[in-house]
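One structure is given here, and the rest of the page talks about it.
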Amino acid sequence: MTVLSGQPLSLEEQKQLAVNITHVLSLYGSIVDSYIIEFFTDNLWGKLPYSWQAVLTDLPSPQLAAVLLEKGKPEEVCYSVVWPLSLLAFKATAHTLAFSRTPRGRGGMSATGRPEEFRENRCQSAKLNPLFRKHVKPKKQHEIRQLGKVVKKLSEITRCDQVVDIGSGQGHLSRFLAFGLGLSVTAIEGDGRLVDMATKFDRELVWALEKKQARRAKDPWEISLRGPSHVAGWVDPQAPWQEFLLLPQRGIDTAQSPMAESGPSPEAGATCDLPGPWKSIPPTAPWGGGRDVVEMGKPGEKGPGGWGCMAAAREEHRGSPDPFGSRGRGCVPNGPHPLYRPSRPMAVNPLGPLAEGRLLLTGLHACGDLSVALLRHFTRCPHVVAVTSVACCYMKLTTQEEPTPPGLAALPPPSTDRPEYGYPLSAWVAGLPGHALSYKAREAACHAIEDYALRLRSKSPILRTHCYRATLEMLIRAADPAKRRLGVQTINKAHQLAFEEYARLGLQCVGLDPAAPLDRAYVDAMLAQQQNVVAFFSLALLLAPLVETLILLDRMIYLQEQGFQCQLIPLFNPSFSPRNLVLVAAKAGLDSALSTLAGED
7 MTVLSGQPLS
17 LEEQKQLAVN
27 ITHVLSLYGS
37 IVDSYIIEFF
47 TDNLWGKLPY
57 SWQAVLTDLP
67 SPQLAAVLLE
77 KGKPEEVCYS
87 VVWPLSLLAF
97 KATAHTLAFS
107 RTPRGRGGMS
117 ATGRPEEFRE
127 NRCQSAKLNP
137 LFRKHVKPKK
147 QHEIRQLGKV
157 VKKLSEITRC
167 DQVVDIGSGQ
177 GHLSRFLAFG
187 LGLSVTAIEG
197 DGRLVDMATK
207 FDRELVWALE
217 KKQARRAKDP
227 WEISLRGPSH
237 VAGWVDPQAP
247 WQEFLLLPQR
257 GIDTAQSPMA
267 ESGPSPEAGA
277 TCDLPGPWKS
287 IPPTAPWGGG
297 RDVVEMGKPG
307 EKGPGGWGCM
317 AAAREEHRGS
327 PDPFGSRGRG
337 CVPNGPHPLY
347 RPSRPMAVNP
357 LGPLAEGRLL
367 LTGLHACGDL
377 SVALLRHFTR
387 CPHVVAVTSV
397 ACCYMKLTTQ
407 EEPTPPGLAA
417 LPPPSTDRPE
427 YGYPLSAWVA
437 GLPGHALSYK
447 AREAACHAIE
457 DYALRLRSKS
467 PILRTHCYRA
477 TLEMLIRAAD
487 PAKRRLGVQT
497 INKAHQLAFE
507 EYARLGLQCV
517 GLDPAAPLDR
527 AYVDAMLAQQ
537 QNVVAFFSLA
547 LLLAPLVETL
557 ILLDRMIYLQ
567 EQGFQCQLIP
577 LFNPSFSPRN
587 LVLVAAKAGL
597 DSALSTLAGE
607 D
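Residue numbering for the sequence shown follows the numbering used here, starting at 7 and increasing by one per position.
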């Protein structure tokens, strides 16, 4: 539920909240816009009010967590000195204007920040069928279980026939929705390698289920044998819904699409490795048959219908009584299973003119403009009746000021004379003075304030990393002033290194002499300010939820400007999954129904 103090916000209250946040960011935006690596080069500490410096200097990390980042009752907070009213007001305002990130009725949390479902085994959710835990990290287990239940409820409320999972990755959510919850699912992913993995994991699940049935083992979990259908293609955020899906073409690497996060991939759109003309599998083509389907592979070939990883086993066991005896070691046939059928076929474009029924769009941590595309297609496509969106990577949103954010490939030319950007969406926020958000502010909104507070509480040695990097920036610019904000490759376990070793590795990364002598007194003077670096970063982190709140407010107001109802629900454990707010919308009058989606766990 979209709440600040226990009550849902009306549209007018949401608009006023956006006004208040833009005003606060206009006053203190310089803090969240700052790069912590420039703490020394730009004298960030000296730009704070002197009264703030006086009370924050060398403040111990646990106290920083208690008096600044954590939202406790005022009477429970203990201050070692009297804080200036301006700093107290800054803290109170930041906490008050941000959306609540605390899920309701979701059980407790262990001292390590993990949900109760991981009490017995820190890597295995006790509430998720073991079949859906394989290949899935604990964080993702927690997310797919929680979001899957919301999608299931919403599909029942809106009578949806089909779920379309955008940016499905390795298919963990799609697999749970289809096999675990019995939904008809089409999974769309731009990286063909991930599509291959998702299909492989689907088959592994079915073969594992077959083994259980062969042993006649009792399973308390109900499993459907209708799996998801996987599509290799990417969504163009600028395209109208009739052109929702771009299938990969020969010579075009879908991993290099504007939404891509990783580097190049070989034939990313391909889902087979066959000689001759390159072909792509239609979205939900049934296994076998059909002119437009890649021919079923013969045993030993890679790709649909082939045995893939069984080829080596076949050679190894040639002439043995059980040539496929390695199946128990994790290799499974790539071909169709007699008990398994994918979801019913759909049009190549699941939102296009040939689409049938009522569709629900979902995206779990859809990156940048991809989460915006879900909302636009929801409002414009008549086939889509509901949407659930969990966003991430706000720094990858396109804006008028930055139509191509750093790290993204250039977008294709817009289909209209008036390009549409990822932020702002709503006419209301677009009209507010000071609504613009810098790349750095949007990047800060992706940080985990709860996780950082835990590090402060425990005096984690990782906290020294920011001071190390800020000191290295001084050394880099002293050697070459033209080198600024270079992307220093992540140094493994940097917090465990002596600074001399860290500096040697860092200078080498940026092409400078790693053997250059260090001025020990100069370096030590900067390292002695570690707690001030931590305090400044904590101030910026305190504003980060305001930036995220404004971005999500913009999306909610946009949906209501288009005439649709929506709710923002804190769904995941924020210490475990920082981007835990799910935006839910439907086209029917479902006010009371939407409010019940995040019920007791």
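From the three backbone atoms N, C-alpha and C, an ideal C-beta is built for every residue, glycine too.
**Item:** Same chain only: Cβ atoms within 6 Å of E554, ignoring 5 sequence neighbours per side
**Value:** A451
**Message:** For V73 and A204, what's the separation of their Cα atoms in angstroms?
**Reply:** 45 Å
**Message:** Just to confirm the assignment, what range does the alpha helix (DSSP H) spanning S235 have?
**Reply:** Taken as a continuous stretch (DSSP letters only), S235 belongs to no alpha helix (DSSP H), being part of the beta strand (DSSP E) at 235-238.
**Item:** Extent of the continuous beta strand (DSSP E) to which L574 belongs
**Value:** 571-576
**Request:** Check the DSSP bridge columns for I42 and list the partner residues they point to.
**Result:** Bridge partners of I42: none, in fact.
**Asked** For the alpha helix (DSSP H) that E506 lies in, which residues bound it at each end?
**Response** 505-515
**Message:** Quick check: the Cα distance between T394 and T368, rounded to an integer number of angstroms?
**Reply:** 5 Å
**Prompt:** Can you name, in chain order, every residue of its own chain whose Cβ lies under 7 Å from the Cβ of L211, other than the five neighbours on each side?
**Reply:** L137, R181, F185
**Request:** May I ask which residues mark the beginning and end of the beta strand (DSSP E) holding H371?
**Result:** 365-373
**Item:** Buried or exposed by the 16-neighbour rule on C-beta atoms within 10 Å, applied to A24
**Value:** buried
**Prompt:** Over what stretch of residues does the beta strand (DSSP E) that includes S395 continue unbroken?
**Reply:** 390-398
**Prompt:** Roughly how many angstroms lie between the CA atoms of G294 and V237, to the nearest whole one?
**Reply:** Here the model assigns G294 a pLDDT of 29, short of 50, so the residue's position is not dependable and the matter cannot be decided.
**For D171, three-class secondary structure by DSSP** = strand
**Asked** In whole angstroms, what is the alpha-carbon distance linking Q219 and P234?
**Response** 21 Å
**Request:** Determine contact between the segment 524-541 and the segment 467-480, defined as no fewer than three beta-carbon pairs at a distance below 8 Å.
**Result:** yes
**Request:** Confirm, please, whether the CB-CB distance from L549 to V38 is below 8 Å.
**Result:** yes
**Item:** Secondary structure of V212, DSSP reduced to three states
**Value:** helix
**Item:** Nearest residue (CA-CA) to Y458, options T192, V540, V142
**Value:** V540
**Request:** In angstroms with no decimal places, state the Cα-to-Cα distance between F105 and G437.
**Result:** 22 Å
**Prompt:** Are the segment 473-486 and the segment 76-95 touching by the rule of at least three beta carbon pairs closer than 8 Å?
**Reply:** no
**Asked** Any chance the segment 127-136 sits against the segment 147-165, with 3 or more Cβ pairs inside 8 Å?
**Response** yes
**Asked** Just to confirm, are I42 and F543 a CB contact at a threshold of 8 Å?
**Response** yes
**Prompt:** Quick one: any contact between the segment 51-62 and the segment 510-526, if contact means 3 or more CB pairs under 8 Å?
**Reply:** no
**Request:** Identify every run of the alpha helix (DSSP H) within the segment 66-99, keeping only runs that are complete inside it and at least 4 residues long; order them along the chain.
**Result:** 67-70
**Message:** Considering Cα atoms alone, identify which of S581, N586, A591, L552 is closest to H29.
**Reply:** L552
**Item:** Buried or exposed by the 16-neighbour rule on C-beta atoms within 10 Å, applied to C129
**Value:** exposed
**For T385 and Q566, believed in contact at Cβ under 8 Å, the rounded distance** = In fact, because the Cβ distance is near 11 Å, the residues do not count as touching under 8 Å.
**Message:** So, with DSSP's three-state summary, where would you put I27?
**Reply:** helix
**Prompt:** Fully enclosed by the segment 464-505, which beta strand (DSSP E) runs are 3 residues long or longer?
**Reply:** none
**Message:** Quick check on DSSP: helix, strand or coil for A379?
**Reply:** helix
**Request:** Identify the continuous alpha helix (DSSP H) that holds T164 and give its terminal residues.
**Result:** 144-164
**Item:** Limits of the unbroken alpha helix (DSSP H) element including T555
**Value:** 536-567
**Item:** One or two residues paired with V590 in a DSSP bridge
**Value:** T394, Q573
**Message:** What does the alpha-carbon distance come out to for the pair P14 and G177?
**Reply:** 34 Å
**Prompt:** What separation, rounded to the nearest whole angstrom, lies between the Cα atoms of T164 and F46?
**Reply:** 55 Å
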